[in-house]
Amino acid sequence: MQRILTIIGARPQFIKASVVSKAIQQTEGVQEILLHTGQHFDANMSEIFFEQLGIPRPDVQLDIHGGSHGEMTGRMLAEIEQTILLHKPDRVLVYGDTNSTLAGALAAAKLHIPVAHVEAGLRSFNMRMPEEINRILTDQVSDLLFCPTDTAVRNLANEGFAHKLAQVLQVGDVMQDAALFFGARAAAPTGFELPAGFILATLHRAENTDDPTRLRSIVAALNHIHTAVAPVLLPLHPRTRKVIAALGLELNVHLIDPVGYFEMIWLLEHAGLVLTDSGGVQKEAFFFGKACVTLRDQTEWDELVTCGANVLVGADRNLIVDSARANLGKVVQDDAQLYGGGQAVARIVDCLAKL
C-alpha cells in the first residue's frame, strides 16, 4: 500500500484535489492522507468548497493563515514536517504555486520523501511574483513533475531537467477535468439580481493590489467598462476589498462576496467576457468558451495568448477598456485540446499507482 500525503491550502487546490482524490479513492494500492494548511480560512473561500466538491474532510487541519509570506511558509514548514514524521507517507503530493505548495515540498525534501508536483513547469518569468518563486523551488525538489502543457515541459527542459533524476510528464490540466466533471452541477448565485450581458471580473493578485498605481488604473478601467461597455460583476476577494477601502477608491461595479465553485462555473458559462488577474480563471474562461482579458503583464498560459483566446493588458486603463470592448461576446474553441481533453487525472493517478 502506497501512502500519499496530499497538501492543499487554497481554493484552486481544493478544486484540483477534488477530482484527483476521488480517483485515488477508487484506485487499489494507494491511500491518501489529506492535509489542509488553512491558508484560505474564509468560509466562502474554503469550507464551501469542501462541501460542494465532496472532498473528504482533511485528516490533518492546520490553522495557518495571515502574516508575511516568509512567516506563513515557515510556520507551515514546521507543522507539515511534524505531520510527515507522524504519518510516514511514501510520497508527498502538492499542487500549483502557493505557500502551502512550497512548504509541503520543502518539508518532504528535507526528510527525503519523494515529491510529486501537479502543475509543474509553469513560468511567468516574473520573479517579483511570490508564486513564481514557489513554483520554481517546488519543481527543483520534486522527482515527479506533472506538467499541464507542452510549454511547461519545454520550460523544464530549458532549465536542465533532462539531466536530472526526475520524471517530467505532460499529463494535461486537472482543472479541465474538474470543469468537465462538475459542469453539470453549475448553479446560479442567489441573493442578488444578475445584470444582463455581464462581464465577469476577478481581482486579487498581489502585483495589482499591492501597487497603488496599478490598482487605481484597474479600478478606473472597471468603472468605465461598467458604464460604457457592459455591466461588470466582481466577486471581490476580502483582501482586495480591504486594500481598495484603505486607498479610498470607489469601485462602482456590481460587487458580490466570493462564490462557491459551482456558482463560479455558472457565472463563467453565462458571462460575455472574463476580466481577471487569476491564473486559474484564465483557463476556466477558455474551458467554457469565453474570451479573457488578463490584468497582468505576463501569463503562465502562453498558449491561450497564441491561440487568441486571451489578451494581456497589464494595468493600462485604456488597453483594458479597448480590449474589453473588442472581445465582448467572442466565442473561443478548444480545437487543439490544449489541456488534455479531461484525461489528466487518469494519467496522474495511473502513474502514482505504478510507483
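Oh and the sequence shown: position 125 is 852 in my numbering, straight run, nothing missing. All C-beta atoms, glycine included, are put in the ideal place defined by N, C-alpha and C. Since the model is a prediction, treat every value here as computed from it, not as a measurement.
Residue pairing for Val1020: DSSP places it in a beta bridge opposite Leu1002, Val1038. Cα atoms of Val845 and Ser851: separation of roughly 17 Å, rounded to the nearest angstrom. In this structure Leu883 touches Val895 by the C-beta definition: roughly 5 Å separates them, less than 8 Å.
Selection Gln753, Gly736, Val787, Asp817 evaluated against Gly793 yields Gly736 as nearest (Cα-Cα). Annotated three-state conformation of Leu960 is strand, per DSSP. Between Glu1011 and Met902 the beta-carbon gap is near 7 Å, inside 8 Å, which marks them as a contact. In this structure, the CA atom of Phe908 is about 29 Å from the CA atom of Asp817. In its chain, beyond the 5 residues on either side, Ile742, Lys743, Ser745, Val746 have a beta carbon closer than 7 Å to the beta carbon of Ala905. With a cutoff of 7 Å on beta-carbon distance, Ala1051 and Val956 are scored as near each other. Within the stretch 857 to 886, the runs of alpha helix (DSSP H) at least 4 residues long that lie entirely inside it are, in chain order, 857 to 868, 877 to 885. Going by DSSP, Ala933 is part of the alpha helix (DSSP H) stretching over 933 to 936. Looking at the DSSP output, Glu759 shares a beta bridge with Ile731. Taking a C-beta distance under 7 Å as the contact criterion, Phe873 and Ile1075 qualify as a contact pair.
Distance between Lys1057 and Ala843, taken at the CA atoms: about 37 Å. Across the structure, Ile983 and His890 are spaced so that their CA atoms are roughly 49 Å apart. Of the other Cβ atoms in all chains shown, fewer than 16 fall within 10 Å of the Cβ of Glu798; this residue is therefore exposed. For the 7 Å CB-CB criterion, His997 and His964 do not form a contact. Spatial neighbours of Ala948 in its own chain (CB-CB distance under 7 Å, excluding positions within 5 residues in sequence) are listed in chain order as Arg1044, Ile1047, Val1048. Contact check for Asn861 against Leu829 passes: the beta carbons are separated by less than 7 Å.
When DSSP states are grouped into helix, strand and coil, Gln897 belongs to the strand group.
Taking C-alpha positions only, Thr936 is separated from Asp1062 by approximately 35 Å.
A distance below 8 Å between beta-carbons, with the five flanking residues on each side excluded, links Leu960 to the following residues of its chain, in chain order: Leu921, Pro922, Phe925, Ile926, Leu927, Ala928, Val980, His981, Ile983, Leu994, Ala998. Within the same chain, and ignoring the five residues on either side of Ser1005 in sequence, the residues whose Cβ sits closer than 6 Å to its Cβ are Thr929.
Under the three-state reduction of DSSP output, Tyr1066 falls in the coil class, being neither helix nor strand. Here Val970 has Thr936, Asp937, Leu942 as same chain residues with Cβ atoms under 8 Å from its own Cβ, once five neighbours each way along the sequence are excluded. Here DSSP, grouped into helix, strand and coil, assigns Ala835 to helix.
In the DSSP secondary-structure assignment, Leu982 is bridged to Leu961. The residues Val746, Val747, Ala750, Val901, Asp904, in chain order, have a CB closer than 6 Å to that of Val1072 in the same chain once the five nearest residues on each side in sequence are set aside.
In this structure, His814 is the residue among Gly765, His814, Ile807, Asp1077 with its C-alpha nearest to the C-alpha of Arg730. Exposure of Gly887 is indicated by the presence of fewer than 16 other C-beta atoms within 10 angstroms of its C-beta. Rounded to whole angstroms, Thr1033 and Ile992 show a C-alpha spacing of 24 Å. In this structure, the CA atom of Gly1041 is about 26 Å from the CA atom of Asn885.
Per the DSSP secondary-structure output, Arg818 pairs in a beta bridge with Ile731. Taken through DSSP and simplified to helix, strand or coil, Leu1055 comes out as coil.
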